[in-house]
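As given, the protein sequences belong to chains A and B, one line each in that order. Oh and the first sequence: position 246 is 246 in full-length UniProt numbering, straight run, nothing missing. Oh and the second sequence: position 82 is 82 in full-length UniProt numbering, straight run, nothing missing. Don't be surprised by glycine CBs; every beta carbon is placed ideally from N, CA and C. Predicted model, so just to flag it, every value in this text is computed and none were measured.
2 protein chains.
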Amino acid sequence: MDERAALSLVGGLVSSAGDDAAVVDGTVVTIDMLHEATDFPGGTTRYTAGWRAVGASLSDVAAMGASASAAVAVYGAPDFDEDELTGFVDGASEVCERVDAEYVGGDLDGHDEFTVATAAIGDVDERIGRDGASPGERVVVTGTLGRSAAALRLFEAGEIERANDLFRFDPRVAAGRALGEHATAMMDSSDGLARSLHQLAEASDCGFEIEAGAVPVADELRGLADDPLDEAISFGEDFELVATVPADAVSGVEAACDVPVSVVGEVTESGVSMDGDELADRGWTH
Amino acid sequence: MDERAALSLVGGLVSSAGDDAAVVDGTVVTIDMLHEATDFPGGTTRYTAGWRAVGASLSDVAAMGASASAAVAVYGAPDFDEDELTGFVDGASEVCERVDAEYVGGDLDGHDEFTVATAAIGDVDERIGRDGASPGERVVVTGTLGRSAAALRLFEAGEIERANDLFRFDPRVAAGRALGEHATAMMDSSDGLARSLHQLAEASDCGFEIEAGAVPVADELRGLADDPLDEAISFGEDFELVATVPADAVSGVEAACDVPVSVVGEVTESGVSMDGDELADRGWTH
Numbered sequence: 001m002d003e004r005a006a007l008s009l010v011g012g013l014v015s016s017a018g019d020d021a022a023v024v025d026g027t028v029v030t031i032d033m034l035h036e037a038t039d040f041p042g043g044t045t046r047y048t049a050g051w052r053a054v055g056a057s058l059s060d061v062a063a064m065g066a067s068a069s070a071a072v073a074v075y076g077a078p079d080f081d082e083d084e085l086t087g088f089v090d091g092a093s094e095v096c097e098r099v100d101a102e103y104v105g106g107d108l109d110g111h112d113e114f115t116v117a118t119a120a121i122g123d124v125d126e127r128i129g130r131d132g133a134s135p136g137e138r139v140v141v142t143g144t145l146g147r148s149a150a151a152l153r154l155f156e157a158g159e160i161e162r163a164n165d166l167f168r169f170d171p172r173v174a175a176g177r178a179l180g181e182h183a184t185a186m187m188d189s190s191d192g193l194a195r196s197l198h199q200l201a202e203a204s205d206c207g208f209e210i211e212a213g214a215v216p217v218a219d220e221l222r223g224l225a226d227d228p229l230d231e232a233i234s235f236g237e238d239f240e241l242v243a244t245v246p247a248d249a250v251s252g253v254e255a256a257c258d259v260p261v262s263v264v265g266e267v268t269e270s271g272v273s274m275d276g277d278e279l280a281d282r283g284w285t286h
Numbered sequence: 001m002d003e004r005a006a007l008s009l010v011g012g013l014v015s016s017a018g019d020d021a022a023v024v025d026g027t028v029v030t031i032d033m034l035h036e037a038t039d040f041p042g043g044t045t046r047y048t049a050g051w052r053a054v055g056a057s058l059s060d061v062a063a064m065g066a067s068a069s070a071a072v073a074v075y076g077a078p079d080f081d082e083d084e085l086t087g088f089v090d091g092a093s094e095v096c097e098r099v100d101a102e103y104v105g106g107d108l109d110g111h112d113e114f115t116v117a118t119a120a121i122g123d124v125d126e127r128i129g130r131d132g133a134s135p136g137e138r139v140v141v142t143g144t145l146g147r148s149a150a151a152l153r154l155f156e157a158g159e160i161e162r163a164n165d166l167f168r169f170d171p172r173v174a175a176g177r178a179l180g181e182h183a184t185a186m187m188d189s190s191d192g193l194a195r196s197l198h199q200l201a202e203a204s205d206c207g208f209e210i211e212a213g214a215v216p217v218a219d220e221l222r223g224l225a226d227d228p229l230d231e232a233i234s235f236g237e238d239f240e241l242v243a244t245v246p247a248d249a250v251s252g253v254e255a256a257c258d259v260p261v262s263v264v265g266e267v268t269e270s271g272v273s274m275d276g277d278e279l280a281d282r283g284w285t286h
């Protein structure tokens, strides 16, 4: 069974699975696991790893339209080097500070492969799921897409410091709360825009038409990739928010968000397309 | 740096580290990571693994004197077998049901080694830390000690079904809440009674005198271990609660708990001893 089939199986077993995070009595909770082989390219500092791992969980909280209150992590590694561990905790603490959450510790685990588990909690009055999009609404994306794809190119090229800078990101908690006032469906873009749209389309039983020229491709990716637009759309790992909002709410959302918001297309009855051509369900399978 | 030194380092960096779980605005949150090499002996079913991993996090919540509301998990494995995954989710869901919490899903991760990350949340008005014990108080332990040590022997002996039965446990959430009414310090016994006492002694700046004959050694361990008492005290992995309570609260605590509570000794000024002899700081380092 591949990972998507397995996720679908779990979705059938656990009633509340399927969103970026679970909500229980207004408390949002989410958990993630990242590890060296697939998530931390050679050159990733422990500071960046702590930031990114905890950030991924905070992004899940953001995608529910919630505020984030705290995060915890397990640091699993073959050995515990003081500088590495301090770096990790600093990165984890910093990314929490960025979203007014508190890093409240966690645990250590001896593990052959560097492996990090993170959980974040938050609060929400009205959760934003993936199933509320309706035809005619607009599709918006926060920030830019392709930063992580660019970081990976830079890691490969040995430009380690720039790569680490790009590999850290601000979880869109404030933007998620602003979007949450109007959004009918929302998720983060960690699987890539294309896959995110397919997931939203399936959950909301709708389609999407995207305008290629409106996709906010990260400047950092231009010059590094042969087809920056394609990578921005399908590479994923960017932790921006993808949301649907009524057309008349767009200007209010743009004004309320603390980051640029791009209108990239609209909700249709069915099918996911870009400039009229089918947009394949390609992206990152974690 | 060994794991205990590393934990101490983290404790200096993160103000709220050091207890079984963190508490933020009355919400308890904890995270754990278990993996095949150190936590799941050969023969452990995925059902037992799901139960035990989620149970470990629920036990951390219990140790704070809190109610448990929900748990999530990441299932990391080289492949996703339908029966294994279903078993895991069933075990995770069952252990949540036992403590009136809800298993609300999580995520999957392709991982060379079978690795599980779990987080649990709960609520508490007044947290029970590790630092409130005072000389003269009594030390109590819930249930019995040595079940996991016995399970390990049975796994080694090929008695897989009995081993799995013993390897699952009921997180002491209800007992933790009853104890929480009176306890001055509390933690779970996952590191073993001896190590737990040393940790409580350090946090509370006190000592303990334990009566060997009062330690509730699990019946299942007798006949399997050469020195059942020693293993019950030092093996750990049992997820019972170890708490200190004022002497006049003992009978009330015994009556209020839904499991047997044993008074195993009392809080002293300094030193950790059993029947007058020093009790070494031996136990499980996760």
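Per DSSP, what kind of secondary structure is residue i in: helix, strand or coil?
i: residue 215(A); result: coil
i: residue 279(A); result: coil
i: residue 58(B); result: helix
i: residue 266(B); result: strand
i: residue 93(B); result: helix
i: residue 20(A); result: coil
i: residue 32(A); result: strand
i: residue 88(A); result: helix
i: residue 42(B); result: coil
i: residue 286(A); result: Confidence at residue 286(A) is low in this model, with a pLDDT of 46, below 50, so its placement is unreliable and the value that follows should be read with caution. The answer is coil: DSSP assigns residue 286(A) none of H, G, I, E or B.
i: residue 53(A); result: helix
i: residue 2(A); result: coil
i: residue 133(A); result: coil
i: residue 81(A); result: coil
List the residues of chain A that residue i touches, going by C-beta distances under 8 Å, in chain order.
i: residue 152(B); result: In chain order: nothing, as chain A lies at least about 18 Å away.
i: residue 27(B); result: 27, 69, 70, 121
i: residue 1(B); result: 79, 80, 81, 82, 85
Can you check DSSP and say which residues form a bridge with residue i?
i: residue 75(B); result: 108(B), 116(B)
i: residue 100(B); result: Residue 100(B) is not bridged to any residue.
i: residue 123(B); result: 27(B), 67(B)
i: residue 274(A); result: 210(A), 277(A)
Using a C-beta to C-beta distance shorter than 7 Å, which residues of chain A count as neighbours of residue i?
i: residue 35(B); result: 111
Cβ closer than 7 Å: which chain B residues qualify as neighbours of residue i?
i: residue 76(A); result: 33
i: residue 6(A); result: 80, 85, 108
i: residue 22(A); result: 70, 72, 104, 105
Taking residue i as the query, report the chain B residues whose CB atoms sit under 8 Å from its CB, ordered along the chain.
i: residue 194(A); result: Residues of chain B passing the Cβ test: none, with the nearest at roughly 20 Å.
i: residue 49(A); result: Per Cβ cutoff of 8 Å: no residues; residue 49(A) is ~15 Å from chain B at best.
Which bits of chain A does residue i rub up against, with CB to CB less than 9 Å?
i: residue 30(B); result: 72, 106, 107, 119
i: residue 38(B); result: 109, 110, 111
Check the Cβ of residue i against every Cβ in chain B and list those closer than 9 Å, keeping chain order.
i: residue 9(A); result: 80, 82, 85, 86, 89
Mind listing which residues of the segment 99–132 of chain B have their C-beta closer than 8 Å to chain A's C-betas, in chain order?
-> 102, 103, 104, 105, 106, 107, 108, 109, 110, 111, 112, 113, 115, 117, 118, 119, 121
Of the residues that make up the segment 51–73 of chain B, which ones have a beta carbon closer than 7 Å to any beta carbon in chain A?
-> 69, 70, 72, 73
Which runs of the alpha helix (DSSP H), 4 residues or longer, sit entirely within the UniProt domain "PurM-like C-terminal" (135–271) of chain A?
-> 147–156, 160–167, 173–180, 193–204, 228–234, 250–256
According to a CB-to-CB cut-off of less than 8 Å, which residues of the segment 78–100 of chain B neighbour chain A?
-> 79, 80, 81, 82, 85, 86, 89, 90, 93
With 8 Å as the limit, tell me which residues of the UniProt domain "PurM-like C-terminal" (135–271) of chain B have their beta carbon closer than that to any beta carbon of chain A; keep them in chain order.
-> none
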